[in-house]
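Visitor: I am attaching a structure below and will ask some questions about it afterwards.
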Amino acid sequence: MTQSESRVEAGAVGAVAVEAPARSQNGTGTILSIQNISKTFYPKTRNSAPVTALQDVSVEVARGEFISLVGPSGCGKSTLLNMVGGLIKIQDGKIFHNGTQITGPREDIGMMFQSPVLFPWRTVLSNVLLPIEMAHKPIKKYEPQAREILGRVGLGEFVKHYPGELSGGMQQRASLSRLLLQDVEVMLLDEPFGALDEFTREAMNIDLLRLWAGSGKTILFVTHNIHEAVFLSDRICVMTPRPGQLAEVIQDDLPRPREIGLMKTPEFQDLVFRVRTLLGVA
Ligand SMILES: Nc1ncnc2c1ncn2[C@@H]1O[C@H](COP(=O)(O)OP(=O)(O)O)[C@@H](O)[C@H]1O
Ligand SMILES: [Mg+2]
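What follows is the structure, encoded as structure tokens:
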């Protein structure tokens, strides 16, 4: 297992192993408050200069919102997401979830990454049930729900298959199913479809919106794909190259439900161009 995979596993498992945070009383308003976050890495390699990944990033995320972070590679997107997920220690600035400061993984915040992180010796179904097993919850009770979710993502006939027998897109569907079964209120998705071909990515985007619609869940989505950000989001946080700062937060009021045809419209193209301009690639 690579270093990033082991970190991913630690997060995925740790996220269900801690006590549930207090829920906010009202169903609206701010769910995540990211306040003045900065982060400098000090590489262990001799003579390597410190890397300032993030500089004074603040944003309030509304309950139920689909918000994305878009920016060039290395601008600190994953660093920020991992801080919200409690995987990276927050030293400079603060992040609150339902008014409680984040100091580590929380049961109501779940993550998904570019690599699906499935155990090859476990079936799809038992991979999806793994967090339930880790939390010592009754697997049998959750199995019907796991099957139902796998059906919803189009894997109904593959529950007994092994990850190695699935395509990349199908593996990501299994990974998404595992997150959906955890039923967290905040989903942190770090370039979840970044390794997929364009057609599969578009299909996954449509499916993700379908699963999110009406769920009340909040999604914080990282991508460097501008079209993907504009297609999915309610708001788009455009980040500058490293050190990552917020260039602008753009409101994306394109009508929902969103279909692929939306990409042809001038409104879609205008938003894409605005993001491109902010990123300096127009
Ligand atoms: N653990 C680490 N140690 C040292 N540098 C790191 C570490 N994690 C990230 N960085 C550096 O911080 C910067 C931002 O990284 P990252 O958040 O992964 O960017 P993004 O996800 O936007 O591509 C990069 O320059 C990266 O090399
Ligand atoms: Mg990243």
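Just so you know, the sequence shown maps onto residues 0 to 281 in numbering that gives the first Met the number 0.
Here a beta-carbon is modelled for each residue, glycine too, at the ideal position from N, C-alpha and C.
1. What's the gap between the Cα of P20 and the Cα of D107?
2. Taking DSSP as the reference, what is the three-state secondary structure of A264?
3. Tell me, please, which residues DSSP counts as bridged to C236.
4. Any contact between the region 125-140 and the region 173-180? By contact I mean 3 or more CB pairs, one from each, below 8 Å.
5. If I measure Cβ to Cβ from Y161 and keep anything under 8 Å in the same chain, skipping five residues before and after, which residues do I get?
6. Taking Cβ positions, are V237 and L277 nearer each other than 7 Å?
7. Any idea which residues DSSP pairs A61 with across the strands?
8. Check whether the region 226-245 and the region 85-100 are in contact - that is, three or more C-beta pairs closer than 8 Å.
9. Measuring straight from C-alpha to C-alpha, what distance separates V271 and V50?
10. Going by C-alpha to C-alpha distance, which of F230, E190, L68 and H223 sits closest to R209?
11. Only counting the same chain, and skipping five residues up and downstream in sequence, which positions put a Cβ closer than 6 Å to that of S214?
12. In this structure, does DSSP put V116 in helix, strand or coil?
13. For a test of your reading of the model: does the CB of V58 fall under 6 Å from any non-hydrogen atom of ligand 1? Yes or no.
14. Is the beta carbon of D233 closer than 7 Å to that of D251?
15. Who are the near neighbours of Q113 in its chain, counting only those whose CB is closer than 7 Å to its CB and skipping five residues on each side?
16. Nearest by alpha-carbon distance to M82: which of P71, S57, R62 and A212 is it?
Guide: With the structure as the only source:
1. Within the sequence shown, numbered from 1, the residue matching residue 20 stands at position 21. Within the sequence shown, numbered from 1, the residue matching residue 107 stands at position 108. Low confidence applies here, because P20 scores a pLDDT of 34, under 50, leaving its location unreliable and the question unanswered by this model.
2. Counted from its first residue, the sequence shown places residue 264 at position 265. Residue 264 is actually Thr in this sequence, not Ala. Coil, per DSSP.
3. To locate residue 236, count along the sequence shown from 1; it is residue 237. Beta-bridge pairing links C236 to L68 and V248.
4. yes
5. Locating residue 161 in the sequence shown gives position 162, counting from the first residue. Cβ neighbours of Y161 beyond the five flanking positions: P119, W120, R121, T122 and V123.
6. Here residue 237 refers to the residue found at position 238 of the sequence shown. Here residue 277 refers to the residue found at position 278 of the sequence shown. The answer is yes: Cβ separation under 7 Å.
7. Numbered from its first residue, the sequence shown carries residue 61 at position 62. According to DSSP, A61 bridges with T29.
8. no
9. Numbered from 1 along the sequence shown, position 272 holds the residue referred to as residue 271. Numbered from 1 along the sequence shown, position 51 holds the residue referred to as residue 50. Approximately 30 Å between the Cα atoms of the pair.
10. Residue mapping note: residue 209 aligns to position 210 of the sequence shown, counting from 1. Checked all of F230, E190, L68 and H223; the closest Cα to R209 is F230.
11. Position 215 of the sequence shown holds residue 214. Closer than 6 Å at the Cβ level, and outside the excluded window around S214, lies no residue.
12. As a working note, residue 116 is residue 117 in the sequence shown. Reduced to three states, the DSSP call for V116 is coil.
13. As a first step, residue 58 must be located in the sequence shown, where it is residue number 59. V58: no, Cβ never under 6 Å from ligand 1.
14. On the sequence shown, residue 251 is found 252 positions in, with the first residue counted as 1. On the sequence shown, residue 233 is found 234 positions in, with the first residue counted as 1. Taking 7 Å as the Cβ cut-off, D251 and D233 qualify as a contacting pair.
15. Here residue 113 refers to the residue found at position 114 of the sequence shown. D189, E190, P191, G193 and A194, listed in sequence order.
16. Taking the sequence shown and counting its residues from 1, one reaches residue 82 at position 83. The shortest C-alpha separation from M82 is found at S57.
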